[in-house]
Amino acid sequence: MTSFSRRQVIQGAAAAAALSGAVAAVPAAAQRRRAAAGPPPGGDDWVHLRCAFKEMMLDGHKVRLRAYNDQIPGPPIVTRPGATLKIRLENGLPPMSPAGWNGDHNVPHRFDLTNLHLHGLDIKPHLFQPLGTSDPLAPMIAVETGGHQDYVFEIPNDHPPGLYWYHPHHHGSTVVQAVTGMAGTLIMRGPIDDVPQIRAARDIVLAIQDIGLFPSDNPADAGKNIWNYEPQQNAIWQTFTGIVTKYDPAQGKGVATNPPLNGGFTTGDYALRYYLLNGEPFFKEVHNPAAPPQPTPTQLPVQRIAMRPGEVVRFRMLNASSDNLMPIIVEDHDVHLIALDGVNFDSVRTVASVPLTGPAQMLLAPANRTEFLIKGNMRPGIYRVIQLAQNQQFLESAEKLICEIEIAGEAMDMGLPTALPPPTRYYPLIKPQDIERVRTLEFGGAFPGVANPYVGIDFLINNMQYQVEAIPTVVRLGDEEEWHLVVSGPHHGGTEGHPFHIHEVSFEVIKIGDAVQPPGTIMDTIWIPKDTEVVVRMRFLGWPGKTVFHCHILPHEDTGMMQNFLIVDPNGGGHH
Ligand SMILES: [Cu+2]
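Residue 579, in the numbering used here, is where the sequence shown stops; the numbers in between run on with no holes.
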């Protein structure tokens, strides 16, 4: 995190990159030649990411977080279709003893192990060892303290250009690492950047993260008043009592830790949680003992983005938070949507200005991205970018002011694009008669937990917890499938919505409940509201291999709401 002052004015991509030390996988010269085909010149084109603890001040609190290259969010990675993207991930986190872990991968453990997921990219499967493996029994890549992993990806020539992101994905340590800072943006350059009205617009990335904290239980921190999220093995923060328990197999129940611990693993409610915009806190929540599902909210001062009347600015918003669903409004402005989850539409979709009471203009589940143009209101003033309050999750989410747009200065009249270059990789869209298979996935759970007594709550897909060596789903390369994603009633544990995310492919969203979506709504993560069925269609067109789909509420994922699937090549071997 850089030393931003309050009311810092966000300038746009160039300034943001300079501030945060952007890592460009494509050399600067190649970036200027955006339209050029083929991979970047060889040589010094490795992106280096090193994760480690980071001590810093956050809103007056001394905190110990986890960061890539000492930056929160991590350094932006820039690449483009046709490139070879090479990333070396180094693990500088301190070791954590596995002592006391019962060996169940759905019990959070080994917060020192890490790996890397490039979220939303259509690239070789990269969660299991070795990279791209089709071995059903392949283990997950787990980089130990002091170790490293090299990732080399061929980006397809027709890869959609847009906003993607990266974060750790080792089962059992994902949320602890991500909710203490480990996430960064990845920008795929491409044809959309050459649309004249888009090229003329400043490009401003709005990366939103959450940071979960407890007072440190580390004896070495005694008297230092440090906040962190470093739960001991099997220590579970009990939201409703505010005490920390460890499961005792002999008694068959969780027992209060003695001496009491301040913090433990949590499925969402922290003693203290911050929301960050590009690394700066804008909102705080404090655990509320009187009503745990309603943390006590505090709005903090926000950053301000300067625009001129009639100026068109390109915004790219990432919800990198671990579990917060974000309905978004830009006050007194039409939102000209150009892309969701990195895949642009074939024309601009304008969402008219709405009252601040809603309904929202955009809905970002955890992991979603929206890319949109805003044309500055001709009336100078301060306009708010707001996350509306929502109660679609166990924890209620209060209304949050994320940032402000200050419109001032001489008026301009910048244009909006009419047509956009179609993302050819996903066209033609899948026709109903071409669907080879229909599958149903049900997201549910149980409280108190039966399958996962150590955690005390079950998160299940089709009544299964994650098993690293199981392959419940096998699909064929080239096939087109329709998946029905269901969060059903309370009798199946469907008490809150869940965001579905699948690796390797993006899907077209056909229906959310009864609401038919516009053709060409391509996403990689979709919010499934409770008591609702979402229908998506996808084509497995990239690589064979072992990979996963899961709920992108990270504590749900880490405790079991994930499944492997295998993409097999019916013609045996080969790729593309
Ligand atoms: Cu979930």
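Each residue gets a CB set at the ideal place from its N, CA and C atoms; glycine is no exception. Bear in mind that the values here come from a model prediction, so they are computed numbers and not experimental data.
- If you compare the alpha carbons of K57, I377 and V66 with that of D73, the shortest gap goes to K57.
- In this structure, DSSP gives R382 a state outside helix and strand, which the three-state scheme calls coil.
- Put simply, the stretch 378-396 touches the stretch 307-322. At least three CB pairs are less than 8 Å apart.
- In terms of CA proximity to P300, Y277 leads the group N322, N567 and Y277.
- By the neighbour-count criterion, in which a residue is buried when 16 or more other Cβ atoms sit within 10 angstroms of its Cβ, L359 is exposed.
- For ligand 1, a non-hydrogen atom lies closer than 7 Å to the CB of M564.
- Within the same chain, and ignoring the five residues on either side of I505 in sequence, the residues whose Cβ sits closer than 6 Å to its Cβ are F552.
- With a cutoff of 7 Å, F462 counts as near ligand 1, since its C-beta is closer than that to a heavy atom of the ligand.
- At least one heavy atom of ligand 1 falls within 7 Å of the beta-carbon of H559.
- The stretch 541-555 makes contact with the stretch 496-505, as at least three CB pairs between them are under 8 Å.
- Ranked by Cα distance from Y167, the options Y71, P493 and I126 are led by I126.
- Taking C-alpha positions only, G187 is separated from Q254 by approximately 43 Å.
- Cβ-Cβ separation between G193 and R83: approximately 6 Å, consistent with a contact (criterion under 8 Å).
- Shown here for I246: same chain residues with a beta carbon closer than 7 Å to its own, the five before and five after excluded, namely A259 and P263 in chain order.
- Ranked by how close their Cα comes to the Cα of V489, the residues E499, A141, L480 and V110 have E499 in first place.
- Sequence-distant Cβ neighbours of P218 in its own chain, meaning closer than 8 Å and more than five residues away, are N228, I229, W230, N265, G266 and A274.
- Exclusion of C406 from the 7 Å shell around ligand 1 follows from its C-beta lying no nearer than that to any non-hydrogen atom of the ligand.
- Taking 8 Å as the cut-off, the Cβ atoms of I438 and E485 count as close.
- Here E409 is bridged, per DSSP, to A309 and I385.
- Of L480, G447 and I464, the smallest CA-CA separation from H495 is found for G447.
- Set against 7 Å, the gap from the CB of H501 to the closest heavy atom of ligand 1 is smaller.
- Taking a contact as a CB-CB distance under 8 Å, the pair V50 and I190 does not count as one, their CB atoms being some 12 Å apart.
- In this structure, I556 has its beta carbon less than 7 Å from a heavy atom of ligand 1.
- Note: Y154 is bridge-paired with I90 in the DSSP secondary-structure output.
- R442 and V478 have their alpha carbons spaced roughly 11 Å apart.
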